[in-house]
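S.K.:
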Amino acid sequence: MIFFIPSVIQSSHALSLVGPTNIGIGGSENSLSANPNNASNLVMFNTLTLSPSRLAMYSKDGGTTWHAGTTTSLPPGQFYFIDPDGTVDSSGNFYVGTFGGRNTTTNNVANYLYKSTDGGATWNSLPTPVFSADTSVSLPGGGTAKVCKVVPGVPLLYDYDKIIADTSPTSPYKNNLYYVAARMDLNTTSTACQNLTTFLVTVFRSTDGGATWIDGQAFSLDQFNGYQGEKMIGVTADGTILINSVGNGGGLCTGGSNGLIVTRSVDGGHTYSSTCVYNNPANPSGTNPILISGEMAAGYGTNAVITAVGCVSSCGTSPVYHVFALSTTNDGATWTSSPVRIDDVLVPDNSQISLAGRSPWPAVAMSGANGRVDVTWYDHRNGNSTFGDIYASYSNNAGASFATNIRITPQTGCSVSSCCNAPNDFLGIASSSDSSNIAYCFNTNSFFARINFPDFTMAANPGSLNLQQDATGSSTINLSSVNNFTGTVALTATAPSSVTTSFSSASLTLARGGTNSSVLTITAGTNGNVPIGNYTVTITGTSGSISHSFVITVQVSNFFETITPLSLDIPINGTGSVTIIEHSVNGYSGSVTPFISGGLPSCVSSSFNPTAIQLPAHGTASSALTLSPTSSCTASHNVVSVQSNSGLWGSATSFNFNVTDFTLSASPTTLSIKAGRSGASTLSLASLDGFSGTVTLTTSISPVVRNGPTNSLSPASITLSNNSGTSTLTVSTTSRTPKQQYTVTVTATSGSISHAITITVTVTS
21 MIFFIPSVIQ
31 SSHALSLVGP
41 TNIGIGGSEN
51 SLSANPNNAS
61 NLVMFNTLTL
71 SPSRLAMYSK
81 DGGTTWHAGT
91 TTSLPPGQFY
101 FIDPDGTVDS
111 SGNFYVGTFG
121 GRNTTTNNVA
131 NYLYKSTDGG
141 ATWNSLPTPV
151 FSADTSVSLP
161 GGGTAKVCKV
171 VPGVPLLYDY
181 DKIIADTSPT
191 SPYKNNLYYV
201 AARMDLNTTS
211 TACQNLTTFL
221 VTVFRSTDGG
231 ATWIDGQAFS
241 LDQFNGYQGE
251 KMIGVTADGT
261 ILINSVGNGG
271 GLCTGGSNGL
281 IVTRSVDGGH
291 TYSSTCVYNN
301 PANPSGTNPI
311 LISGEMAAGY
321 GTNAVITAVG
331 CVSSCGTSPV
341 YHVFALSTTN
351 DGATWTSSPV
361 RIDDVLVPDN
371 SQISLAGRSP
381 WPAVAMSGAN
391 GRVDVTWYDH
401 RNGNSTFGDI
411 YASYSNNAGA
421 SFATNIRITP
431 QTGCSVSSCC
441 NAPNDFLGIA
451 SSSDSSNIAY
461 CFNTNSFFAR
471 INFPDFTMAA
481 NPGSLNLQQD
491 ATGSSTINLS
501 SVNNFTGTVA
511 LTATAPSSVT
521 TSFSSASLTL
531 ARGGTNSSVL
541 TITAGTNGNV
551 PIGNYTVTIT
561 GTSGSISHSF
571 VITVQVSNFF
581 ETITPLSLDI
591 PINGTGSVTI
601 IEHSVNGYSG
611 SVTPFISGGL
621 PSCVSSSFNP
631 TAIQLPAHGT
641 ASSALTLSPT
651 SSCTASHNVV
661 SVQSNSGLWG
671 SATSFNFNVT
681 DFTLSASPTT
691 LSIKAGRSGA
701 STLSLASLDG
711 FSGTVTLTTS
721 ISPVVRNGPT
731 NSLSPASITL
741 SNNSGTSTLT
751 VSTTSRTPKQ
761 QYTVTVTATS
771 GSISHAITIT
781 VTVTS
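Our numbering runs 20 ahead of the 1-based position in the sequence shown.
1) Going by the CB atoms, is the gap between residue 674 and residue 573 shorter than 8 Å?
2) Strictly by DSSP, which residues pair up with residue 83?
3) According to the neighbour-count rule (16 or more other Cβ atoms, all chains shown, within 10 Å of its Cβ), is residue 81 buried or exposed?
4) Three or more beta-carbon pairs under 8 Å between the segment 595 to 605 and the segment 506 to 513, yes or no?
5) How big is the Cα-Cα spacing for residue 795 and residue 638?
6) With distances taken from CA atoms, which of 562, 665 and 540 is nearest residue 481?
7) Kindly indicate the opening and closing residues of the beta strand (DSSP E) around residue 695.
8) With which residues is residue 135 paired in a DSSP beta bridge?
9) Please report how far the alpha carbon of residue 689 lies from the alpha carbon of residue 613, in whole angstroms.
10) Could you tell me whether the segment 658 to 667 touches the segment 688 to 704, using the rule of 3 or more Cβ pairs below 8 Å?
11) Output the distance between the C-alpha atoms of residue 265 and residue 283, rounded to the nearest integer angstrom.
12) Within the same chain, show all residues whose beta-carbon is closer than 6 Å to that of residue 671, passing over the 5 residues directly before and after it, in chain order.
13) Using a threshold of 8 Å, state whether the C-beta atoms of residue 682 and residue 616 are closer than that.
14) Look up residue 400 in the DSSP assignment and say whether it is helix, strand or coil.
15) Going by the beta-carbon positions, is the gap between residue 106 and residue 65 smaller than 8 Å?
16) Output the distance between the C-alpha atoms of residue 392 and residue 566, rounded to the nearest integer angstrom.
17) Does DSSP put residue 252 in a helix, in a strand, or in coil?
18) Assuming residue 453 and residue 319 form a contact by the criterion Cβ under 8 Å, report the distance between their Cβ atoms to the nearest whole angstrom.
19) Can you look up residue 209 in the DSSP assignment and give me helix, strand or coil?
20) Residue 676 to residue 633, Cα distance in whole Å?
21) Can you list, in chain order, the residues of its chain with a C-beta nearer than 7 Å to that of residue 706? Leave out the 5 residues immediately preceding and following it.
22) If we call anything under 8 Å between Cβ atoms a contact, is residue 362 one with residue 327?
23) Checking the sheet assignment: what are the DSSP bridge partners for residue 601?
24) Which of the three DSSP states is assigned to residue 355 in this structure?
25) Keeping to the same chain, check which residues put their C-beta closer than 8 Å to that of residue 349; ignore five residues upstream and five downstream.
26) Which term fits residue 413, buried or exposed, when burial requires 16 or more other beta carbons within 10 angstroms of its beta carbon?
27) Which one or two residues does DSSP pair with residue 395 in a beta bridge?
28) For residue 770, is the classification buried or exposed, using 16 other Cβ atoms within 10 angstroms of its Cβ as the cut-off for buried?
29) Can you tell me where the beta strand (DSSP E) with residue 590 in it begins and where it stops?
30) Compute the distance between the beta-carbons of residue 185 and residue 116, then report whether it is under 8 Å.
31) Using 10 angstroms around the beta-carbon of residue 691, count the other beta-carbons present and answer buried if the total reaches 16, otherwise exposed.
32) Are residue 473 and residue 455 closer than 8 Å when you measure CB to CB?
33) DSSP state of residue 552, grouped into three classes?
34) Using the Cα positions of residue 569 and residue 61, report the straight-line distance between them to the nearest angstrom.
35) Measuring alpha carbon to alpha carbon, tell me which of 533, 732, 712 and 711 ends up nearest residue 721.
36) Where residue 255 and residue 294 are concerned, what is the direct C-alpha to C-alpha distance, given to the nearest angstrom?
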């Protein structure tokens with residue numbers, strides 16, 4: 021018998037049930053998928069005898085109304101779909117795998133794949149995965165068998181075909197498709213191929229949305245004995261593939277023929293390995309299996325859950341069967357050692373699951389948004405007069421315990437001739453963050469029901485902050501009631517070291533259908549102890565078993581200044597400027613005010629234009645600093661410091677500033693010239709503090725008399741290089757030049773600078 025752990029009843033807010041709704045089409049073997057980007061977009065598949073134009077039923081309002089999905093890819097005439105299974109990828113594309121054929125041609129049976137890119141409204145066919153070459157397969161008990169490639173014109177059938185997409189945004193194999201099937205018909209025209217007496221499990225993968233398929237892995241395992249659920253494959257959030265089956269796996273399970281085996285791939289389906297995760301004892305009666313595998317659900321973190329039905333007492337005489345679960349929290353590396361019961365413990369605790377058809381298949385799904393595990397099954401606890409009431413339960417702790425069961429509806433008025441052969445029928449289930457969506461069969465029609473889980477949503481406004489180092493900012497955390505949630509939500513924030521947070525209210529009460537908010541204050545460190553960079557603050561809201569988290573991105577930023585040029589020479593009475601450039605780092609923006617913090621002589625006037633700089637995020641902005649040395653200045657070398665302030669921080673830079681000048685001298689400064697002759701004096705120019713440029717020399721003589729002396733300069737213009745230059749002043753006389761003393765004035769001019777010297781000239785006889 022199975023030794024199980026009774027499920028602990030989980031506390032919950034009041035749930036609400038929508039439906040059931042009769043979809044109004046015949047069908048059984050239901051499968052259901054929900055769009056991960058829009059939980060209101062649902063697609064239902066089932067076994068149909070319909071016109072080829074109708075492939076699926078879809079809803080875009082959460083199951084309130086349903087519409088037929090159409091295709092033009094089927095052959096004409098009436099057509100059977102058998103045992104369809106659907107999935108949806110992270111982009112909202114739906115897929116279905118099935119086998120079927122025309123009812124007029126019993127041998128015309130094949131497998132089909134379809135894809136819808138518009139939420140289930142229209143469907144296009146995809147190529148069916150097949151082996152492109154003969155493949156040798158190792159048998160669990162030893163030896164090998166050969167799987168033949170597909171031979172044209174020879175029927176080939178896969179049953180229990182399952183398809184699943186890797187939807188996790190963090191998976192390295194995101195949007196990979198995996199197609200799992202049991203190849204039952206190995207009849208080929210090749211005599212080299214063997215006909216296996218057991219099912220052959222095959223797994224194919226596609227990396228391009230089903231357009232092409234990579235040759236699959238094949239497992240000829242007696243562990244796959246046909247007692248499988250509608251979804252026997254799951255993919256965890258990091259891309260680990262898990263496939264559950266029942267058997268002994270050629271000796272993997274030693275306790276009997278119906279142990280629970282998980283086949284696992286951690287490399288995106290390139291390689292697989294199988295492990296017995298529950299070693300079931302032998303069946304004393306030899307009639308019914310001790311353990312019947314149900315379904316696999318995964319997709320949140322590294323969690324996965326398998327549902328199954330097993331005998332818990334009197335297994336050899338009057339077996340009592342119940343629903344239970346095994347779970348893993350480490351990608352299937354290890355599983356719970358004892359099953360956890362899902363169906364309620366009753367008094368008396370009679371058999372709640374009829375195994376007349378040996379196929380109860382409890383359905384399970386996992387919400388990728390919050391990890392809630394949802395389970396539904398056909399249940400006979402209300403007596404034999406009812407044909408499989410639909411019950412459901414859920415777990416908020418990764419399958420460690422399950423809540424009190426929820427009865428979907430009494431299936432009254434069902435007769436043996438007109439009712440689906442429940443519990444031999446599959447159920448479809450799809451989970452979203454706040455609802456469990458269920459598809460089932462009653463009176464040969466498909467029904468839909470939705471369990472709404474009271475929940476709340478969380479959002480931040482703004483959802484990201486840009487904070488200068490040491491600065492404080494805020495974001496409003498808005499909570500909204502969903503599905504009539506009422507209760508108190510506790511808020512917590514997890515931040516990196518030195519980033520501090522606080523809520524205006526860390527506990528918010530939500531009324532039914534209401535909203536509430538709290539202001540989150542975030543401080544980006546003190547004294548610059550939080551380096552510039554991007555950080556995340558995780559906000560978590562918890563109310564009982566409900567918990568939601570999201571992140572606010574915090575960009576810690578700042579600015580710095582540069583100056584160009586780094587050296588400036590301005591002559592006395594001249595004007596010059598440097599450019600102060602402000603740089604945004606990691607998105608900082610704001611008004612920056614520059615000022616001179618030191619090193620400027622008092623005789624120099626200064627001005628900034630503009631006086632306040634508007635610095636854009638991720639950009640630069642500048643201001644021109646203009647300097648004007650007045651005539652009271654003397655030549656000097658200075659280091660001028662400029663500081664820019666913005667917010668809590670300042671940035672300082674310095675540049676070299678020279679007040680420049682030059683000197684003028686003469687040698688000799690007195691000349692004695694005989695009338696009729698000439699004399700000369702050497703004029704010397706020297707730069708001060710880096711002066712450079714062209715100096716123009718002019719002369720005048722006083723007094724001005726008839727036949728007076730004349731002056732000439734060679735050269736009259738000097739470009740100072742190497743800080744010095746010379747010119748020759750020549751004073752000429754004639755025999756008639758009056759004999760007296762004269763004064764020659766030499767003026768040197770460059771831009772705003774002018775210097776003059778005098779030379780005394782005496783004319784003698």
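No residue lacks a Cβ here, since even glycine has one placed at the ideal position from N, Cα and C. Please read all numbers here as calculations on a predicted model, not as lab measurements.
M.R.: To lay it out plainly:
1) Walking along the sequence shown from the start, residue 573 turns up at place 553. Walking along the sequence shown from the start, residue 674 turns up at place 654. Cβ distance not < 8 Å, so residue 573 and residue 674 don't count as in contact.
2) Looking up residue 83 in the sequence shown gives position 63. Looking at the DSSP assignment, residue 83 forms no beta bridge with any residue, so it has no partner.
3) As a working mapping, residue 81 is identified with position 61 in the sequence shown. Exposed: under 16 other Cβ atoms inside 10 Å.
4) no
5) The requested residue 795 does not occur in the structure, where the chain is confined to residues 21 to 785.
6) The residue you call residue 481 lines up with position 461 of the sequence shown. Nearest C-alpha to residue 481: 540.
7) Here residue 695 is taken as the residue at index 675 of the sequence shown, counted from 1. Taken as a continuous stretch (DSSP letters only), residue 695 belongs to no beta strand (DSSP E), as it is neither H nor E.
8) Indexing the sequence shown from 1 puts residue 135 at position 115. DSSP output for residue 135 lists 115 and 144 as bridge partner(s).
9) Residue mapping note: residue 689 aligns to position 669 of the sequence shown, counting from 1. Residue mapping note: residue 613 aligns to position 593 of the sequence shown, counting from 1. Roughly 54 Å between the two C-alpha positions.
10) no
11) Taking the first residue of the sequence shown as position 1, residue 265 is located at position 245. Taking the first residue of the sequence shown as position 1, residue 283 is located at position 263. Cα to Cα, the separation comes out at about 8 Å.
12) The count along the sequence shown starts at 1 and reaches residue 671 at position 651. Closer than 6 Å at the Cβ level, and outside the excluded window around residue 671, lie 580, 581 and 664.
13) As a working mapping, residue 682 is identified with position 662 in the sequence shown. As a working mapping, residue 616 is identified with position 596 in the sequence shown. No, Cβ-Cβ distance for residue 682 and residue 616 is not below 8 Å.
14) Locating residue 400 in the sequence shown gives position 380, counting from the first residue. Three-state result, residue 400: coil.
15) Taking the sequence shown and counting its residues from 1, the one referred to as residue 106 is at position 86. Taking the sequence shown and counting its residues from 1, the one referred to as residue 65 is at position 45. It is a contact, given that the beta carbons lie within the stated cut-off.
16) The residue given as residue 392 occupies position 372 in the sequence shown. The residue given as residue 566 occupies position 546 in the sequence shown. Each residue's Cα considered, the two are about 9 Å apart.
17) The residue given as residue 252 occupies position 232 in the sequence shown. The answer is coil: DSSP assigns residue 252 none of H, G, I, E or B.
18) Locating residue 453 in the sequence shown gives position 433, counting from the first residue. Locating residue 319 in the sequence shown gives position 299, counting from the first residue. With a Cβ gap of about 12 Å, residue 453 and residue 319 do not count as contacting.
19) Locating residue 209 in the sequence shown gives position 189, where the first residue counts as 1. In this prediction, residue 209 has a pLDDT of 43, which is less than 50 and means its spatial position is unreliable; nothing more can be read from the coordinates.
20) The sequence position of residue 676 within the sequence shown is 656, counting from 1. The sequence position of residue 633 within the sequence shown is 613, counting from 1. Using only the alpha carbons, I get a separation of about 23 Å.
21) For this step, residue 706 is matched to residue 686 along the sequence shown. Only 682, 683, 743 and 744 meet the Cβ criterion.
22) As a position in the sequence shown, residue 362 is number 342, starting the count at 1. As a position in the sequence shown, residue 327 is number 307, starting the count at 1. Yes; because the gap between Cβ atoms is below 8 Å, this pair is in contact.
23) Here residue 601 corresponds to residue number 581 of the sequence shown, with the count starting at 1. Paired residue(s): 582 and 642.
24) Taking the sequence shown and counting its residues from 1, the one referred to as residue 355 is at position 335. Of the three classes helix, strand and coil, the one that applies to residue 355 here is coil, per DSSP.
25) The sequence position of residue 349 within the sequence shown is 329, counting from 1. Cβ within range, chain order: 321, 322, 323 and 418.
26) As a working note, residue 413 is residue 393 in the sequence shown. When all chains shown are included, residue 413 counts as buried.
27) By one-based count along the sequence shown, residue 395 stands at place 375. The partner list for residue 395 (beta bridge, DSSP) reads 384 and 413.
28) Position 750 of the sequence shown, counted from the start, is the residue given in the question as residue 770. Residue 770 is buried by the Cβ-count criterion.
29) Translated into positions along the sequence shown, residue 590 becomes position 570. Run containing residue 590: 587 to 591, per the beta strand (DSSP E) assignment.
30) Stepping through the sequence shown from its first residue, residue 185 is reached at position 165. Stepping through the sequence shown from its first residue, residue 116 is reached at position 96. No, the pair does not count as a contact, with Cβ atoms beyond the cut-off.
31) Position 671 of the sequence shown, counting from 1, holds the residue named residue 691. Its Cβ being crowded by 16 or more others within 10 Å, residue 691 is buried.
32) Residue 473 sits at position 453 when you count from the first residue of the sequence shown. Residue 455 sits at position 435 when you count from the first residue of the sequence shown. Cβ distance < 8 Å, so residue 473 and residue 455 count as in contact.
33) Position 532 of the sequence shown, counted from the first residue, corresponds to residue 552. Correct three-state label for residue 552: coil.
34) On the sequence shown, residue 569 is found 549 positions in, with the first residue counted as 1. On the sequence shown, residue 61 is found 41 positions in, with the first residue counted as 1. Straight-line Cα distance between these residues: approximately 24 Å.
35) Within the sequence shown, numbered from 1, the residue matching residue 721 stands at position 701. If we check each option's Cα against that of residue 721, 732 comes out closest.
36) Counting from 1 along the sequence shown, the entry for residue 255 is found at position 235. Counting from 1 along the sequence shown, the entry for residue 294 is found at position 274. Those two C-alpha atoms are separated by around 16 Å.
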